[in-house]
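In the working numbering, the protein residues as written are 116 to 345.
Even glycine gets a Cβ: it sits at the ideal position worked out from N, Cα and C.
Quantities reported herein were computed from a predicted structural model and do not represent experimental measurements.
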Ligand SMILES: N[C@@H](CCC(=O)N[C@@H](CS)C(=O)NCC(=O)O)C(=O)O
């Protein structure tokens with residue numbers, strides 16, 4: 116199906132249009148927030164294997180990436196900005212901790228994972244051959260999150276008894292890391308990292324995470340393409 120332009124009206128009942136990518140963890144962040152808040156929306160899938168059309172760059176997102184959202188005729192882009200925007204426009208249920216200090220830490224966790232986890236994830240995901248060094252680096256990033264969760268003394272990075280913004284902003288990569296166990300022989304050892312592995316188990320059971328999940332087949336196909344040129 117061709118990409119809907121900014122001018123094309125939303126389908127009936129949809130509050131916004133999400134320009135997404137089938138295997139994009141950043142777009143999944145937005146899908147998770149939309150699912151958590153029960154916001155009806157439509158999806159326009161962007162084929163990331165070909166250059167974006169000029170109108171997408173002009174009207175939706177000059178960076179050419181997904182996610183982007185069309186809401187009330189306005190374009191919003193960058194995953195964290197999209198998610199914070201949704202939190203403000205659709206405040207219920209709130210995904211941030213009500214306590215300002217805990218909320219600050221949620222943002223710290225998101226940034227920490229972005230700096231110390233995501234780049235190493237992509238080294239394992241994209242480079243061939245996968246080296247023990249790249250796997251160790253990713254494990255260090257995960258170990259760091261294990262420590263932070265331990266210090267937070269909470270089941271979730273939200274600091275509450277349910278997943279919140281920080282959990283949903285990190286989950287897309289962790290869901291894929293679980294798939295990497297089969298594909299890249301990459302495992303997070305439960306005995307060494309009890310906090311993060313039990314968090315991962317809890318997240319797998321979360322209804323929102325299940326609703327806005329990663330398609331395992333799509334992920335595996337993409338992973339194999341990077342690694343084996345298949
Ligand atoms: N900082 C951006 C990153 C988004 C991003 O890198 N998306 C990838 C797909 S997962 C993309 O659109 N890549 C297309 C390209 O770079 O051409 C965000 O948080 O939204």
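- Secondary structure at residue 156: strand, using DSSP grouped into helix, strand and coil.
- Going by beta carbons, residue 160 and residue 194 fall outside the 7 Å limit.
- Per DSSP, residue 280 is one residue of the alpha helix (DSSP H) stretching across 280-299.
- Excluding its 5 nearest sequence neighbours in each direction, residue 168 has C-beta neighbours in its own chain below 8 Å: 118, listed in chain order.
- In the DSSP annotation of this structure, residue 243 is not part of any alpha helix (DSSP H), being labelled neither H nor E.
- Secondary structure at residue 125: coil, using DSSP grouped into helix, strand and coil.
- Spanning the alpha carbons of residue 120 and residue 144 requires a straight line of approximately 22 Å.
- Here residue 286 really is in contact with residue 318; their C-beta atoms are around 6 Å apart, less than 8 Å.
- Collapsing the DSSP output to three states places residue 138 in coil.
- By the Cβ-count criterion, residue 246 is exposed, with fewer than 16 other Cβ atoms from all chains shown falling within 10 Å of its own Cβ.
- Under the three-state reduction of DSSP, residue 192 is assigned to strand.
- In terms of Cα proximity to residue 210, the closest of 264, 281 and 261 is 281.
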